[in-house]
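Taking it in order: structure first as structure tokens, then the write-up.
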Amino acid sequence: MKNKILLCVISIFVISAFSNAEELTNNRIKTESDNMTRVTGIGGIFIKAKNPEMLQTWYKKHLGIDVQVWGGTSFKWVDGEGKPYAGTTAWMIGNGENFKPSNSSFMVNYRVANLSKLLTALRDEGCNVLDETDESEFGKFGWVIDPEGNKVELWEPPVGE
1391 MKNKILLCVI SIFVISAFSN AEELTNNRIK TESDNMTRVT GIGGIFIKAK NPEMLQTWYK
1451 KHLGIDVQVW GGTSFKWVDG EGKPYAGTTA WMIGNGENFK PSNSSFMVNY RVANLSKLLT
1511 ALRDEGCNVL DETDESEFGK FGWVIDPEGN KVELWEPPVG E
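Just so it is clear: in the sequence shown, position 75 is 1465 by the numbering used here, and no numbers are missing.
This is the structure in structure tokens:
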């Protein structure tokens, strides 16, 4: 039941975020203040579970999600005709340690075009940007805490992805 509520809340958030957009270009909103494309898509959804192994098994058994050893899966992107499209969306159940300092049971990872530029803009706007950043073969990562205390992950994919 909690998972259904969480999915509904996320769906409502995503729908309301884009239904209120005034300037939408290829599903990307450019802000009036700096005309910079900020979020370019959702890179992943991460679920905090009291019993990650049990919930991973449930999703695999009941929803057919191919949960891998690392606790999640990567959904391949396809176009309207089902043809492969460059990109993936991660889906994972874990213990939520990486959500700290937030107490939320989920974290959304947003794809961004330029992490450094966006983090600077968010700091300039008075947002609660965490000092920590990370760079690996998976790309560049940064985090901001939203006004409700949810940790939001910002991800700049590696060049070519």
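Even glycine gets a Cβ: it sits at the ideal position worked out from N, Cα and C.
If you're wondering where the values come from, they're calculated on a predicted model, not measured in any experiment.
Burial state of residue i (16 or more Cβ within 10 Å)
i     : result
Q1446 : buried
Y1475 : exposed
V1459 : exposed
V1549 : exposed
F1528 : exposed
W1533 : buried
S1492 : buried
M1337 : Absent from the model: residue 1337. The displayed extent of the chain is 1391 to 1551, so no value can be given.
G1462 : buried
Simplified DSSP assignment, three categories, for residue i
i     : result
M1426 : coil
W1448 : helix
P1474 : strand
N1499 : strand
S1406 : At S1406 the pLDDT is 36, less than 50, meaning the model places this residue with poor confidence; the figure from the coordinates comes in the next sentence. It is helical.
N1488 : helix
E1413 : Low confidence applies to E1413: its pLDDT is 40, below 50, so where it sits in the model is not reliable enough to give any reading.
E1515 : coil
K1541 : strand
E1443 : helix
S1506 : helix
Residue i - partner residues in DSSP beta bridges
i     : result
A1480 : G1434, S1464
L1528 : Position check: residue 1528 holds Phe in this sequence, whereas Leu was assumed. The partner list for F1528 (beta bridge, DSSP) is empty, contrary to what the question assumes.
V1459 : Note: V1459 sits in no beta bridge, so no partner.
T1523 : G1532
E1546 : K1530
Residue i vs residue j beta-carbon contact at 8 Å
i     : j     : result
K1530 : E1546 : yes
R1500 : G1433 : According to the sequence provided, residue 1500 is Tyr. The question's Arg does not apply to it. Contact flag set, yes.
G1470 : K1438 : no
A1503 : T1427 : yes
S1494 : K1541 : yes
Minimum Cβ-Cβ distance from residue i to chain B less than 8 Å
i     : result
L1445 : Among the protein chains of the structure shown there is no chain B, as only one such chain exists.
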